[in-house]
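Since the structure comes first, as structure tokens, the remarks are kept for the end.
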Amino acid sequence: MTKLDLDQLLGDEGADPGCDAAGELMDAYCDAVAAGRPLSPRFDEFVRHMRNCVACREDTEGLLAILRQEENSNPR
Amino acid sequence: MLAVTAIAIKTNDAVILTNCRPYYHFAMTTAALDLESTQWLRDLTASDTSRDEAIERLHALLLRVARSEAARRRSLSSQIRAEDVDDLCRQAASDAVMAILSKLASYRGTARFTTWACKFAIFETSVRLRRHAWRDRKVEPDESVWTRLADARPQALHRIEREQLLSALQSAIDERLTDRQRSIFQSVALDDVPIDVLAERLGTSRNAIYKTLHDARAKLRLALIDAGHGDELS
Chain A
1 MTKLDLDQLL
11 GDEGADPGCD
21 AAGELMDAYC
31 DAVAAGRPLS
41 PRFDEFVRHM
51 RNCVACREDT
61 EGLLAILRQE
71 ENSNPR
Chain B
1001 MLAVTAIAIK
1011 TNDAVILTNC
1021 RPYYHFAMTT
1031 AALDLESTQW
1041 LRDLTASDTS
1051 RDEAIERLHA
1061 LLLRVARSEA
1071 ARRRSLSSQI
1081 RAEDVDDLCR
1091 QAASDAVMAI
1101 LSKLASYRGT
1111 ARFTTWACKF
1121 AIFETSVRLR
1131 RHAWRDRKVE
1141 PDESVWTRLA
1151 DARPQALHRI
1161 EREQLLSALQ
1171 SAIDERLTDR
1181 QRSIFQSVAL
1191 DDVPIDVLAE
1201 RLGTSRNAIY
1211 KTLHDARAKL
1221 RLALIDAGHG
1231 DELS
């Protein structure tokens, strides 16, 4: 078992808002990332949750992919 | 734009909502919204045919999002017949529209309205894809995971250390976790069962499963520290 395996199994220690609260922030996070705005500290726990939760991470990647498609077809 | 300025004060490139319809007034009295988001809200809360047209536009947008997400998640959707994927996308878009309309009052304008709306379509689509991909599979412990976690040919010293760590982890799982924590940790962290699939099988929510997983991980971390493996943790 490697350190990477252990990290994946046990997740990132520290405050984690859980799926529901992270879901509330997902759209604001994706808008900020897609627009290239600097991320405020209020997203720190959200980012930790993304490291710890595969499903929420996949959903966030999906939303970002949609925003990037939209950006490519309609540049701001 | 007169109708919009009736509910908003226009600034440079955004509007500050000051006197919205009572339906969503409490949630957005201070939110700065872009014009497009304001227009969506105005149309979706209208009492004439513009509401029906807005719902139709929203459904079309979310159906495109659902299909795009299904195409992006080929590893899941390729296991499903094309007609079933499209049916799944239509259901996801319809349920996303319903969720959005019922939660419109909770939209706080921290993201563009379309981003907020697309989030529902992504969620509805991904949950359906995960559940569909697992619908004929049982969720049961896979004991071969410990063999897979052990390195094939590690150097002798590392091998002993890793075997000790693995053994400490197995002991902690057996001794420190409750039955429910053990079952959920085994399924999600070790066997890669999607959290939505497990939530459906156990009749609970993604958030509740995650909370149990989070508590289990914290217990295991403490157990490994007690067993002298603290240096190997992040």
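Protein chains in written order, with my numbering: chain A, 1 to 76; chain B, 1001 to 1234. Where a beta carbon is used, it is the ideal one built from N, C-alpha and C, also for glycine. Remember, it's a predicted structure, so these values are computed and weren't measured experimentally.
Measure the alpha-carbon distance for residue 53/A versus residue 1063/B and round it to whole angstroms. 26 Å
Here's the rule I'm using: 16 or more other beta-carbon atoms within 10 Å means buried, otherwise exposed. How should residue 72/A be labelled? exposed
Are there three or more Cβ pairs, one per stretch, closer than 8 Å when the segment 31-51 of chain A is compared with the segment 1094-1105 of chain B? no
Quick one: is residue 1196/B near chain A, going by C-beta distance under 8 Å? yes
Have a look at residue 50/A and residue 1191/B and give me their C-alpha separation to the nearest angstrom. 19 Å
Please confirm whether residue 1201/B and residue 1139/B have their CB atoms less than 8 Å apart. yes
Does the distance from the C-beta atom of residue 1117/B to that of residue 1177/B stay below 8 Å? no
Would the beta-carbon of residue 1134/B fall within 8 Å of that of residue 1085/B? no
May I have the straight-line CA-CA distance separating residue 1034/B from residue 1181/B, to the nearest angstrom? 45 Å
Measure the alpha-carbon distance for residue 62/A versus residue 1224/B and round it to whole angstroms. 35 Å
Tell me, to the nearest whole angstrom, how far the beta carbon of residue 1169/B is from that of residue 1220/B; I am working on the premise that it is less than 8 Å. 7 Å
Cβ-Cβ distance between residue 56/A and residue 30/A below 8 Å: no
Which residues in chain A have a C-beta closer than 7 Å to the C-beta of residue 1116/B? List them in chain order. 27
Chain A contacts made by the segment 1040-1065 of chain B, where a contact means CB separation under 8 Å: 1065
Looking only at its own chain, which residues have a Cβ that is under 7 Å from the Cβ of residue 14/A, when we skip the five neighbours before and after it? 48
If you check the beta carbons only, do residue 1096/B and residue 1120/B fall under 8 Å apart? yes
For the alpha helix (DSSP H) that contains residue 1139/B, what are its first and last residues? First-last for residue 1139/B: undefined, no H or E at that position.
Looking at chain A, is there any beta carbon in it that lies within less than 8 Å of the beta carbon of residue 1248/B? Here chain B covers residues 1001 to 1234 and nothing more, so residue 1248/B does not appear.
Quick check on residue 1026/B: buried or exposed, where buried means 16 or more other Cβ atoms within 10 Å of its Cβ? Here the model assigns residue 1026/B a pLDDT of 35, short of 50, so the residue's position is not dependable, and the following value carries that caveat. Residue 1026/B should be labelled exposed.
In three-state DSSP terms, what is residue 1028/B? With a pLDDT of 44 at residue 1028/B, under the threshold of 50, the modelled position of this residue cannot be trusted; read the value that follows with caution. Residue state, collapsed to three classes: coil.
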